Structures are given as structure tokens and as C-alpha cells.
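Numbering-wise, the sequence shown is residues 204 to 381 according to my numbering.
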Amino acid sequence: MLGIVFTSLIDMLEEKVSPEFADEVIVDAKLSNDGAYTSVGYYPFEEMQKLLTVLAEKTGKSINALIYDFGVYLFGKLFAAHGEVLTNTKTLLDLFEHLDDDIHVQVRKLYPDADLPRFAVISRTDSTMRLRYFSERDLYPLAEGLMDAAAAHFDCQLERETHPMDSPHTYEFSLKVV
Ligand code: HEM
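And the structure:
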């Protein structure tokens, strides 16, 4: 998993709580590199799971709720770092439609070893979309947070439901722009 995801999580803890709290979480997570992440590095997903487990213990929030909150925050960080990838994207549904064949493709050019999920548009109308998500990491709450932050970025409201599919690591989002 990319370093920018880890440095963004630590930034969120420092900003939303305090640098001391962020340090406490890093120490208690007993990470192999003591949390010395760089935004251009690559680190095992297990390290993210260790950080989230400690965070859940300290906050009493569920890991999925923490991953959702992080998704909302991460959109701003990704946009600040690589907003250029959204230059041709005019609407929220266009963003979702081109996640797999444009947005994340541009990300892969920037970070060849990125662990990116797969998205497929099942159906689309002017204001609705069924979007399928596949990832071995099952980070659908992160996708939910990123989508809600993207909706705010495009100044619109998003109604969404998440449905786990029978095939493993696959979820379908029913989306409606209101
Ligand atoms: C609302 C739109 C977006 C959604 C729903 C989305 C979804 C996701 C999800 C769920 C992941 C976690 C990996 C996984 O699931 O296995 C991810 C990773 C990532 N996404 Fe997106 N993304 C969005 C927009 C963007 C944008 C605009 C950028 C860049 C400016 C971006 C760059 C990345 C990067 C760098 C990663 C990390 C890959 C890694 O850790 O190796 N995403 N995205």
C-alpha cells in the first residue's frame, strides 16, 4: 500500500486529535519502521490494519467507521497531491465512471506499484449508478468516504447503499445524486 495513504492517516490523527495522540498510536501499533513512512514508499497492508486496530481500541469506534472517516479525509489529501488527475472530470458520476479507466490509470502512472481496486459500472442514468467494487483488501468503507468527499467537492448530495456480492471481495454501490 502506498506511503501517501499512511502519511495521510498520521496527518489526520495529528490534525483531528494531536501529534502526541498520533505518536501514541504509532508506538502501540508496534510497527516495523516505527511509523517512519514516506509518501512515495510502499508498505504492507498489515501495517495499516495494526494502526487501525489500535485506533479502534483507543477511540471505541469500529474499524469500518474509522476507515470511512479516513476516506473522507484522504480525498482532500489525494486531490491536494494529484488534483491534476481530475482535470477532465466534469461531474461526480463521470468521476465514478472513469475511476477504473482514467483516474486510477493516471495514479498507476505516478505509482507503478500502487494497490488499486477495480471498479465496473453496471448501469448509469442521468442521476443514478450501480458501481461494482473489487479489492482483496475489502476497503469498501474507504470507497464510501472517498465518494462522499467527492460529492462535496462537486457540490452535490449523494445517496448510496453498499451491497456485498456473492463473489468474494466484491461489493456493489447503488448511487443516486440528489
Ligand atoms: C471518489 C473517487 C475515488 C474512489 C471511490 C477511490 C477508491 C479507492 C479505494 C477504495 C482505494 C483503496 C485500495 C483498495 O480498495 O484496495 C483507493 C486507493 C487509492 N486511490 Fe483511489 N479512489 C478515488 C479517487 C481517487 C483520486 C481522485 C485519486 C488521486 C488523485 C486516487 C488515488 C488513489 C491512491 C494513490 C490509492 C492508494 C493505492 C495504494 O495504496 O497502493 N483515488 N482508491
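Glycine residues also receive a C-beta, built at the ideal position from the N, C-alpha and C atoms.
All values reported here derive from a predicted model rather than from experimental measurement.
Here's a check: name, in chain order, each residue in its chain whose Cβ is nearer than 8 Å to the Cβ of residue i, leaving out the five neighbours to either side.
i, result
"A268", "P344"
"G348", "I270, Y271, D272, F273, G274, V275, Y276, L277 and F278"
"F248", "M204, D318 and R340"
Please check the pair residue i and residue j, which I expect to be a contact at CB under 8 Å, by giving their CB distance rounded to whole angstroms.
i, j, result
"V257", "A232", "5 Å"
"M332", "S338", "No, M332 and S338 are not in contact; Cβ-Cβ is about 18 Å, not under 8 Å."
"Y374", "Y314", "Their Cβ separation, rounded to whole angstroms, is 24 Å, which puts Y374 and Y314 out of contact at 8 Å."
"Q309", "V288", "4 Å"
"A354", "Q360", "7 Å"
"D226", "K280", "About 20 Å separates the two Cβ atoms, so there is no contact after all."
"L334", "F376", "5 Å"
"G206", "Y240", "5 Å"
Per DSSP, what are the beta-bridge partners of residue i in this structure?
i, result
"Y245", "L205"
"S377", "R333 and E364"
Might you give, ordered along the chain, the residues of its own chain that have their beta carbon closer than 7 Å to the beta carbon of residue i, omitting 5 neighbours on each side?
i, result
"V228", "L216, L254, V257, L258 and K261"
"L212", "L254 and F273"
Using C-beta distances below 6 Å, list every residue in its chain close to residue i, excluding the 5 sequence neighbours before and after it, in chain order.
i, result
"F357", "L295"
"R311", "A317"
Give a single yes or no on whether residue i has its beta carbon closer than 6 Å to a heavy atom of the ligand ATP.
i, result
"D318", "Here the bound small molecules are the ligand HEM; the ligand ATP is not part of this structure."
Mind pulling the alpha helix (DSSP H) runs of 4 or more residues that sit fully within the region 292-340? 295-300 and 307-313
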